[in-house]
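> This structure is in structure tokens; I'll ask about it shortly.
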Amino acid sequence: MRVAIIGAGISGLALAYYLQKLGVRYDLFECEAEVGGVIKSVQQGAYQLELGPHSLQMNNELQELLQELKLEDEVIRPATKTQDRYIRKDGAYHCIPASPRRLLLDSFFHWRTKLKITQEYKLPPQEVPEETVSQFFKRRFGQDVVDYLVQPVVAGIYGGDPDKLLLEKTFPVLKEIERTHGSVLKGLDLQLDIPRKPVISLQNGLQTLPKAIASKLVSLHVDHEVEMIHRAKGKYLLSIRHDVEGLADEEFDAVVVALPAHAAAELLDFTTPGLAAALHNVTYAPMTVVHTAYRKHAIGHPIDGLGAMHPRKEEPFSSGTVWSSSLFPRICPDDEVLFTSYVGGSQSPELAHLPDAEILLRVHEELTENYQISAKLPAFQHLYRWPAALPQADMFITDVHQLAQLLEAEQLYACTNWIAGPGIPDCVRYAKHLAQKIFSQRPSLP
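Take 1 as the starting number for the sequence shown in the UniProt record's numbering and just add one per residue.
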């Protein structure tokens, strides 16, 4: 059996790695000279910047992968004593309680909202077709919880709008809890004191991970752009630009598309027009990432935790800010603090497209106000744009998932964040499971 994997982001790399471990022949094609996709780490003088994901949230598959790649000594754990996250409300930052029970004891919500939360136990479960995240939380907890907790959290994870994202595609475990226990709070009772999964980084940036995987692969082909997929007599052939290795003459038993939705759609227009049409409809959130540094003595607000989220009701410029140097101090000079701010997302896409100078100035002004910064100018600023940062699990994604599932019978698979989930650990887990599925479906030897 031979498998073609198209796209060397974290999903394609991880899939190739796991297939190689299982002894399945593969060829991994990447149109760029560099692997990693949205994982991008750069060094700008004394500053180590993450232009994509700012950290990794550990799960079993990721931990195992880091061990196998011998990256354990590269792991950097947060320097901050807490993993607290904050939300801005009424012009001040409030620490988010780690559990519903603590939320009821905290002063973050008005007593009327807390009373509504306590009544959730009494509400019967409902089956609402294509229920959005906002609809679910408003139905069970009230609008205030949507505005000041759900909306900023969804913006932080997905760059998304809870009014549009489907609950079953974003937080399916909550829907399952409601079905099983009749109450979300009741179902979560046994999990109240489970600690949050730790976040980590790597010494030379997160791009260390895709580079380490790539170094182990025996059939990785960079600067190879796959232009078309052909299917004939149950086999797949690829049209490849700059095919110096003659790989276009090879037959493949299976093809895995590990590309962003729109790139995948263009590639599949001829082979599977139905899936291609659905992929063209997938919505992406634009995001502009801004790194800003100040001297420590200029900051009047305590910085200890992961960062802060900004509800839309507060009319912020950025959707949130990670306190990057609070987590990983060595990424900037010792006497400075580095913030990473996120501008845009699907709720405010127009902000992501403002001119560079305006974005940099408005981020500086917002940070100055929020953190009582006395400096007139930052010590350092850097901007990077993602025109299509994160796929949105809205009403259009359902058709994509259904069609992708049906095409697996033809040995055509998808392995990417629009099917696996937004996080790097999600993609690694999905790649491992898909590798095992492909291995189990290989033809048996006579």
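Just so it is clear, CB atoms sit at the ideal spot from N, CA and C, and this is done for glycine as well.
Taking the straight line between their C-alpha atoms, what separation do you get for Tyr18 and Tyr342?
As a position in the sequence shown, residue 18 is number 18, starting the count at 1. As a position in the sequence shown, residue 342 is number 342, starting the count at 1. Approximately 33 Å, taken between the alpha carbons.
> Apply the 10 Å Cβ neighbour rule to Lys40 and answer buried if 16 or more other Cβ atoms are within range, or exposed otherwise.
In the sequence shown, the residue the question calls residue 40 occupies position 40. Lys40 comes out buried.
> Can you list, in chain order, the residues of its chain whose CB lies under 8 Å from that of Leu166, leaving out five sequence neighbours each side?
Position 166 of the sequence shown, counted from the start, is the residue given in the question as residue 166. Answer for Leu166: Glu130, Glu131, Thr132, Val133, Ala393, Asp394, Met395, Ile397, Thr398, listed in chain order.
> Taking 9 Å as the cut-off, decide whether the C-beta atoms of Pro260 and Ala46 are in contact.
Residue numbering aside, residue 260 sits at position 260 when the sequence shown is read from its first letter. Residue numbering aside, residue 46 sits at position 46 when the sequence shown is read from its first letter. No, the Cβ-Cβ distance between Pro260 and Ala46 is not below 9 Å.
> Give a yes or no on whether the C-beta atoms belonging to His224 and Glu30 are separated by under 9 Å.
Start at 1 with the first residue of the sequence shown, and residue 224 comes out as number 224. Start at 1 with the first residue of the sequence shown, and residue 30 comes out as number 30. It is a contact, given that the beta carbons lie within the stated cut-off.
> For Leu361 and Pro316, I'd like the C-alpha separation in whole angstroms.
Numbered from 1 along the sequence shown, position 361 holds the residue referred to as residue 361. Numbered from 1 along the sequence shown, position 316 holds the residue referred to as residue 316. Distance between the alpha carbons of Leu361 and Pro316 is about 14 Å.
> Mind reading off the beta-carbon distance from Leu22 to Phe439? Whole number of angstroms is fine, and I expect it under 8 Å.
For this step, residue 22 is matched to residue 22 along the sequence shown. For this step, residue 439 is matched to residue 439 along the sequence shown. Indeed they touch by this definition, with Cβ atoms about 5 Å apart.
> By the DSSP assignment, the alpha helix (DSSP H) with Thr272 in it spans what residues?
Your numbering for residue 272 matches position 272 in the sequence shown. Note, Thr272: premise wrong, no alpha helix (DSSP H); not H, not E.
> In chain order, what residues of the same chain lie with their CB nearer than 8 Å to the CB of Asp269, ignoring the 5 residues before and after it?
To locate residue 269, count along the sequence shown from 1; it is residue 269. Correct list, in chain order: Ala276.
> Using only alpha-carbon positions, find the residue among Asp106, Leu406, Phe108, Arg140 that is nearest to Tyr121.
The count along the sequence shown starts at 1 and reaches residue 121 at position 121. Of the candidates Asp106, Leu406, Phe108, Arg140, the one whose C-alpha sits nearest the C-alpha of Tyr121 is Arg140.
> Per DSSP, what kind of secondary structure is His224 in: helix, strand or coil?
In the sequence shown, counting from the first residue as 1, residue 224 sits at position 224. In the structure shown, His224 sits in coil (DSSP, three-state: anything other than H, G, I, E or B).
> Measuring alpha carbon to alpha carbon, tell me which of Val257, Asp335, Thr180 ends up nearest Ala420.
The sequence position of residue 420 within the sequence shown is 420, counting from 1. Comparing Cα positions, the closest option is Val257.
> Could you round the C-beta distance between Ser319 and His310 to whole angstroms and report it? I think they count as a contact, below 8 Å.
Taking the first residue of the sequence shown as position 1, residue 319 is located at position 319. Taking the first residue of the sequence shown as position 1, residue 310 is located at position 310. The Cβ separation is near 6 Å, so the contact holds.
> Which residue's Cα is closest to the Cα of Met58: Arg112, Leu206, Asp161, Ala16?
The residue you call residue 58 lines up with position 58 of the sequence shown. Nearest C-alpha to Met58: Leu206.
> Closer than 6 Å by C-beta to Ser55: which residues in its own chain qualify, once you throw out the five before and the five after it? Chain order, please.
Sequence index remark: in the sequence shown, residue 55 carries index 55 (1-based). Around Ser55: Val199, Ser201.
> Roughly how far, in whole angstroms, is the beta-carbon of Pro210 from the beta-carbon of Ala293, given that I think they are within contact range, below 8 Å?
Reading the sequence shown from its first residue, position 210 is the one you call residue 210. Reading the sequence shown from its first residue, position 293 is the one you call residue 293. Actually they do not touch by this definition, with Cβ atoms about 26 Å apart.
> Unbroken alpha helix (DSSP H) runs of length 4 or more, entirely within the stretch 417-446: which are they?
Whole alpha helix (DSSP H) segments, 4+ residues: 417-420, 424-440.
> Taking all protein chains shown into account, do 16 or more other C-beta atoms lie within 10 angstroms of the C-beta of Asn370, making it buried, or fewer, making it exposed?
Counted from its first residue, the sequence shown places residue 370 at position 370. Answer is buried; the Cβ neighbour count reaches 16.
> My output table needs one value for Arg112: the three-state DSSP class, helix, strand or coil.
As a working note, residue 112 is residue 112 in the sequence shown. It is helical.
> Do three or more CB pairs link the stretch 58-68 to the stretch 420-430 at distances below 8 Å?
Short answer: they touch.
> Can you check whether the CB of Arg25 is closer than 9 Å to the CB of Ser219?
Numbered from its first residue, the sequence shown carries residue 219 at position 219. Numbered from its first residue, the sequence shown carries residue 25 at position 25. Against a cut-off of 9 Å, the Cβ pair of Arg25 and Ser219 comes out as a contact.
> Span of the beta strand (DSSP E) holding Gly336?
The residue given as residue 336 occupies position 336 in the sequence shown. It is Glu, not Gly, that sits at residue 336 in the sequence shown. Note, Glu336: beta strand (DSSP E), 336-344.
> Report the three-state DSSP secondary structure of Gln43 (helix, strand or coil).
Along the sequence shown, read from residue 1 onward, the residue named residue 43 stands at position 43. Three-state result, Gln43: strand.
> Beta strand (DSSP E) containing Tyr384: first to last residue?
Translated into positions along the sequence shown, residue 384 becomes position 384. Unbroken beta strand (DSSP E) run through Tyr384: 380-391.
> In terms of residues, what are the limits of the beta strand (DSSP E) holding Val150?
On the sequence shown, position 150 is the one that residue 150 refers to. Note, Val150: premise wrong, no beta strand (DSSP E); not H, not E.
> Quick one: give me the first and last residue of the beta strand (DSSP E) that Lys235 is part of.
Walking along the sequence shown from the start, residue 235 turns up at place 235. Lys235 -> beta strand (DSSP E) spans 235-241.
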